[in-house]
Amino acid sequence: MSADEYSLIQSPDNPRHIAIIMDGNGRWAQKRLMPRAMGHQAGVKAVRKIVEYCAREQIEVLTLFAFSSENWRRPAEEVSMLMGLFMVTLQREIDKLDRNNIRLRFIGDRTAFPEQLQQKIAEGENQTRDNQGLTLVVAANYG
Numbered sequence: 003m004s005a006d007e008y009s010l011i012q013s014p015d016n017p018r019h020i021a022i023i024m025d026g027n028g029r030w031a032q033k034r035l036m037p038r039a040m041g042h043q044a045g046v047k048a049v050r051k052i053v054e055y056c057a058r059e060q061i062e063v064l065t066l067f068a069f070s071s072e073n074w075r076r077p078a079e080e081v082s083m084l085m086g087l088f089m090v091t092l093q094r095e096i097d098k099l100d101r102n103n104i105r106l107r108f109i110g111d112r113t114a115f116p117e118q119l120q121q122k123i124a125e126g127e128n129q130t131r132d133n134q135g136l137t138l139v140v141a142a143n144y145g
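FYI, the numbering for the sequence shown is 3 to 145, going by this note's numbering.
Below, the structure is given as structure tokens:
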């Protein structure tokens, strides 16, 4: 999102809750003759900017619909890459979220995720549970 696009939603009456369906990262990359994985990585970068924006603008809740139950039907290699990206992103971002007073919550059935990822999700929720700023809700394995 450009600065001009951000200014479109700035107003004294900012919404309390914004929800985003994360879709099209792989297609975005393919259109640019890049591997799908690069599209997903670009999506993570975009999410960082959106989270920073929402925290700065005092949005109460940001929900990211990140991985639906239908995503398990993708090729095993892509699902594995997405699980790895999810894990690496959590490892890199949990402390930053905590320092910025952002509370991390997950909704959806996490039992299908690898045990290590389930533990990292729980760690992130636990570490940020008392934060009072933006609540970042990640919908994962929903639907």
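Every residue gets a Cβ at the ideal spot worked out from N, C-alpha and C, and that includes glycine.
Only a predicted model underlies this, so the values are computations on that prediction, with no experimental measurement involved.
CB-CB under 7 Å to glutamine 134, same chain, minus the five flanking residues each way: which ones, in chain order? Looking up residue 134 in the sequence shown gives position 132. Result list for glutamine 134: Asn103, in chain order.
Would a C-beta distance cut-off of 7 Å place phenylalanine 67 and alanine 114 closer than the cut-off? Here residue 67 refers to the residue found at position 65 of the sequence shown. Here residue 114 refers to the residue found at position 112 of the sequence shown. No, they are not a contact pair.
Per-residue DSSP class, three states only, for leucine 92: One-based indexing of the sequence shown puts residue 92 at position 90. Helix.
Identified DSSP bridge partners for serine 71: If you number the sequence shown from 1, residue 71 lands on position 69. Paired residue(s): none; serine 71 is not in a bridge.
CA-to-CA distance, glycine 41 to valine 139, given in whole angstroms: Counted from its first residue, the sequence shown places residue 139 at position 137. Counted from its first residue, the sequence shown places residue 41 at position 39. Approximately 22 Å between the Cα atoms of the pair.
Candidates Glu117, Phe108, Arg107, of which the one nearest glycine 86 by Cα: The residue labelled residue 86 in the question sits at position 84 within the sequence shown. The shortest Cα separation from glycine 86 among Glu117, Phe108, Arg107 belongs to Glu117.
Could you tell me which residues DSSP pairs with phenylalanine 108 in its beta bridges? Position 106 of the sequence shown, counted from the first residue, corresponds to residue 108. Partner(s): Val140.
I'd like the list of long-range same chain contacts for glutamine 129, defined as Cβ closer than 7 Å, with 5 residues on each side in sequence excluded. Translated into the one-based positions of the sequence shown, residue 129 becomes position 127. Closer than 7 Å at the Cβ level, and outside the excluded window around glutamine 129, lie Ile96, Asp100.
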